[in-house]
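A.B. asks: Just so you know, we're using my numbering here: the sequence shown kicks off at 1305 and counts up by one.
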Amino acid sequence: MKCFFDDGAAVGVCRFCGRGVCKEHAEKRMPYITTVYVGASNTPKAVVVDDALWCGECKPQAQPVPMPEIY
Ligand SMILES: [Zn+2]
Ligand SMILES: [Zn+2]
């Protein structure tokens, strides 16, 4: 697999958009929300990975986007 941005060998995949990224492009990190659940007192809680691999190009939403149409 090659880097999406250049011809370097991909060392990982962006957690947000799935593009392959080489060592140089994989240096950025972004908190990644893996799970959101409703805890005690109906307080929404999120399980967050602090340093998920991020390509630096895509624009992940800080909050999960509601998708009522899938229900
Ligand atoms: Zn990305
Ligand atoms: Zn690259």
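We put the beta carbon where it would ideally sit given N, CA and C, even for glycine.
Owing to the predicted nature of the structure, the values given are computational and were not obtained by experimental measurement.
1. Three-state secondary structure (DSSP) at Ala1330?
2. Can you give me the Cβ contacts of Gly1343 inside the same chain, cut-off strictly under 6 angstroms, excluding the 5 residues immediately before and after it?
3. With DSSP as the reference, please indicate the residues paired to Thr1339 in a beta bridge.
4. Just the residues with CB closer than 5 angstroms to a heavy atom of ligand 1, in chain order, which are they?
5. Tell me whether the beta-carbon of Val1353 lies closer than 8 angstroms to the beta-carbon of Pro1335.
C.D. replies: On the basis of the coordinates in this document:
1. coil
2. Lys1349
3. Val1351
4. Cys1318, Phe1320, Cys1321, Cys1359, Cys1362
5. yes
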